[in-house]
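*Asks:* Numbering (our numbering), first residue to last: 101 to 414.
Let me give you the structure first, and then I'll get to my questions.
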Ligand code: ATP
């Protein structure tokens, strides 16, 4: 297995306009980690997603969606708790608002017992996000256990901060995430999130926090900058990639797509510039298509946006 990841995947009900006006909603599978899993699977990598789903049609839907994308599943179906649900309200072209119904969900009951077997089976990379530890005390315990176990087993640990202000405070996020950063080989964050991994919060710049993390043993500190692209800080210095110029129609999922692209080239042994380039390319696919992951490219489609740049019509 190339990559193991775990977390909560929900049913996302997407509107095309203000929710208060009602209208048609479309049903999608949504979860930061499974978004990354789909992105990697489409590029031909072997990837396993572990998590819990309710024993309900929503859970069937999520399971079918991920299986159809070629993601290997280590799923426990929980008869006592429902699959989590969220509404994603397209309020304006640039602004989507999420409303979660995930408290007490099956996915938030994820525990270390769910991860023991997948971790034993191993993978080249364990990909974690900072969403999972926000879900429950059990999920926090599972998150820490997985990071420690994977690092001890020599797996590459990748951590995307993915701060969710609706789930917890920055103080709680920092207390949970900063101690785990030392197990990570790759950390990925937006520029306003990186500070959550610092043991000296509020004192440093992004570059200062990156240096602190490199000092702890992190090899790649990757900072996503939205339409401005991304930076990577490594022992060799700082690299930058510009975003790929596309028309943004739906920015949700850009970060997860970027991560899938970055990890894909890491698995292939490419250098940091190539990792950043494919990250930006997948981010551009995500923002220029509707859905969190539906528009992500298969390997033979990676050149599509480049041909658009060159004025192609294929
Ligand atoms: P989200 O939480 O919505 O998934 P994020 O904040 O984690 O997003 P961003 O920094 O917004 O992540 O986007 C990730 C990457 O996607 C960027 O580094 C960039 O390469 C690409 N990207 C984002 N927005 C645009 C855009 N408008 N046009 C082209 N590429 C973009």
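All C-beta atoms in this analysis are idealised placements derived from N, C-alpha and C, irrespective of residue type, glycine included.
Determine the burial state of residue 227: buried for a count of at least 16 other Cβ atoms within 10 Å of its Cβ, exposed for fewer.
*Replies:* On the chain shown, residue 227 is found 127 positions in, with the first residue counted as 1. By the neighbour-count rule (16 or more Cβ atoms within 10 Å), residue 227 is buried.
*Asks:* In this structure, how does DSSP classify residue 403 when only helix, strand and coil are distinguished?
*Replies:* Position 303 of the chain shown, counting from 1, holds the residue named residue 403. Coil.
*Asks:* Mapping DSSP to helix, strand and coil, what is residue 193?
*Replies:* Mapped onto the chain shown, residue 193 falls at position 93. Three-state result, residue 193: coil.
*Asks:* So within the segment 124-212, which uninterrupted alpha helix (DSSP H) runs reach at least 4 residues, ignoring any that extend past its ends?
*Replies:* As far as the segment 124-212 is concerned, its whole alpha helix (DSSP H) runs of at least 4 residues are 132-142, 157-168.
*Asks:* Quick check: the Cα distance between residue 402 and residue 330, rounded to an integer number of angstroms?
*Replies:* Residue 402 sits at position 302 when you count from the first residue of the chain shown. Residue 330 sits at position 230 when you count from the first residue of the chain shown. Between residue 402 and residue 330, the C-alpha separation is close to 19 Å.
*Asks:* DSSP three-state label for residue 109, please.
*Replies:* As a working note, residue 109 is residue 9 in the chain shown. Coil at residue 109, not helix or strand.
*Asks:* Please determine whether the Cβ atom of residue 188 lies at a distance below 7 Å from any heavy atom of the ligand ATP.
*Replies:* Numbered from 1 along the chain shown, position 88 holds the residue referred to as residue 188. No, the Cβ of residue 188 stays beyond 7 Å of every heavy atom of the ligand ATP.
*Asks:* With a CB to CB cut of under 6 Å and the five nearest residues on each side skipped, what residues in its chain are close to residue 412?
*Replies:* Here residue 412 is taken as the residue at index 312 of the chain shown, counted from 1. For residue 412, the predicted model reports a pLDDT of 44, less than 50, meaning its position is unreliable and no value from the coordinates is stated.
*Asks:* Is it buried or exposed for residue 266, if we count other Cβ within 10 angstroms and need 16 for buried?
*Replies:* As a working note, residue 266 is residue 166 in the chain shown. It counts as exposed.
*Asks:* How would you write the range of the beta strand (DSSP E) that residue 277 sits in, first residue to last?
*Replies:* As a working mapping, residue 277 is identified with position 177 in the chain shown. Premise fails: residue 277 lies in the alpha helix (DSSP H), 270-281, not in any beta strand (DSSP E).
*Asks:* Run the proximity test for residue 290: is its beta-carbon closer than 7 Å to any non-hydrogen atom belonging to the ligand ATP?
*Replies:* Numbered from 1 along the chain shown, position 190 holds the residue referred to as residue 290. Yes - the ligand ATP has a heavy atom lying nearer than 7 Å to the Cβ of residue 290.
*Asks:* Quick one: what's residue 115 bridged to in DSSP?
*Replies:* By 1-based counting over the chain shown, the position of residue 115 is 15. In DSSP, residue 115 forms a bridge with 125.
*Asks:* Measure from the alpha carbon of residue 310 to the alpha carbon of each residue in 234, 108, 288, then state which is nearest.
*Replies:* For the purposes of this step, residue 310 is taken as residue 210 along the chain shown, with counting starting at 1. Looking at the Cα atoms, 288 is the closest of the given residues.
*Asks:* Which residues in the same chain have their Cβ closer than 6 Å to the Cβ of residue 169, if we skip the five residues on either side of it in sequence?
*Replies:* Here residue 169 refers to the residue found at position 69 when the chain shown is read from its first residue. Within the same chain, residue 169 has close Cβ partners 138, 141.
*Asks:* What residues in its chain sit with their C-beta under 8 Å from that of residue 171, if we drop five residues either side in the sequence?
*Replies:* One-based indexing of the chain shown puts residue 171 at position 71. The answer, listed in chain order, is 134, 137, 138, 141, 147, 148, 149.
*Asks:* Since residue 379 is in the alpha helix (DSSP H), which residue starts that stretch and which ends it?
*Replies:* By 1-based counting over the chain shown, the position of residue 379 is 279. Residue 379 -> alpha helix (DSSP H) spans 372-387.
*Asks:* Quick check: the segment 349-362 against the segment 311-318, are there 3 or more CB pairs under 8 Å?
*Replies:* no
*Asks:* Could you tell me whether the segment 321-337 touches the segment 374-393, using the rule of 3 or more Cβ pairs below 8 Å?
*Replies:* yes
*Asks:* Relative to the C-alpha of residue 163, which residue among 256, 110, 294, 261 is closest?
*Replies:* Residue mapping note: residue 163 aligns to position 63 of the chain shown, counting from 1. Of 256, 110, 294, 261, the residue nearest in Cα terms is 110.
*Asks:* Does DSSP classify residue 226 as helix, strand or coil?
*Replies:* As a working mapping, residue 226 is identified with position 126 in the chain shown. Residue 226 falls in the strand class under three-state DSSP.
*Asks:* For residue 258, write down the residues that DSSP places opposite it in a beta bridge.
*Replies:* Reading the chain shown from its first residue, position 158 is the one you call residue 258. The bridge partners DSSP lists for residue 258 are 227, 286.
*Asks:* Mind checking residue 392: buried by the 16 CB within 10 Å criterion, or exposed?
*Replies:* Taking the chain shown and counting its residues from 1, the one referred to as residue 392 is at position 292. Counting Cβ neighbours within 10 Å, residue 392 comes out buried, since at least 16 surround it.
*Asks:* Measure the alpha-carbon distance for residue 174 versus residue 151 and round it to whole angstroms.
*Replies:* Residue mapping note: residue 174 aligns to position 74 of the chain shown, counting from 1. Residue mapping note: residue 151 aligns to position 51 of the chain shown, counting from 1. Taking the straight line from one Cα to the other gives about 7 Å.
*Asks:* With H, G and I counted as helix, E and B as strand and the rest as coil, what does DSSP make of residue 410?
*Replies:* In the chain shown, residue 410 corresponds to position 310, counting from 1. Since pLDDT at residue 410 reaches only 47, below the 50 mark, its modelled position is unreliable, and the value read off the structure follows with that caveat. In the structure shown, residue 410 sits in coil (DSSP, three-state: anything other than H, G, I, E or B).
*Asks:* Tell me whether residue 327, by its Cβ, gets closer than 7 Å to a heavy atom of the ligand ATP.
*Replies:* Taking the chain shown and counting its residues from 1, the one referred to as residue 327 is at position 227. Answer for residue 327: yes, Cβ within range of the ligand ATP.
*Asks:* Report the rounded CA-to-CA distance for residue 404 versus residue 357, giving the unit in angstroms.
*Replies:* Residue numbering aside, residue 404 sits at position 304 when the chain shown is read from its first letter. Residue numbering aside, residue 357 sits at position 257 when the chain shown is read from its first letter. Straight-line Cα distance between these residues: approximately 16 Å.
*Asks:* Would you list the residues sitting across from residue 104 in a DSSP beta bridge?
*Replies:* As a working mapping, residue 104 is identified with position 4 in the chain shown. DSSP lists 148, 226 as partners of residue 104.
*Asks:* Look up residue 291 in the DSSP assignment and say whether it is helix, strand or coil.
*Replies:* Position 191 of the chain shown, counted from the start, is the residue given in the question as residue 291. The answer is coil: DSSP assigns residue 291 none of H, G, I, E or B.
*Asks:* Taking 7 Å as the cut-off, does the CB of residue 387 come closer than this to any heavy atom belonging to the ligand ATP?
*Replies:* Here the question's residue 387 lines up with position 287 in the chain shown. Yes, the ligand ATP has a heavy atom inside 7 Å of this Cβ.
*Asks:* With a threshold of 7 Å (Cβ to nearest heavy atom), would residue 384 be considered close to the ligand ATP?
*Replies:* Start at 1 with the first residue of the chain shown, and residue 384 comes out as number 284. Checking every heavy atom of the ligand ATP against the Cβ of residue 384, one is found closer than 7 Å.
*Asks:* For residue 92, does the three-state DSSP call read helix, strand or coil?
*Replies:* Residue 92 is absent from the model: the chain starts at 101 and stops at 414.
*Asks:* In or out: residue 239 buried (at least 16 other Cβ within 10 Å) or exposed?
*Replies:* Stepping through the chain shown from its first residue, residue 239 is reached at position 139. Taking every protein chain shown into account, the CB of residue 239 has 16 or more other CB atoms within 10 angstroms, so this residue is buried.
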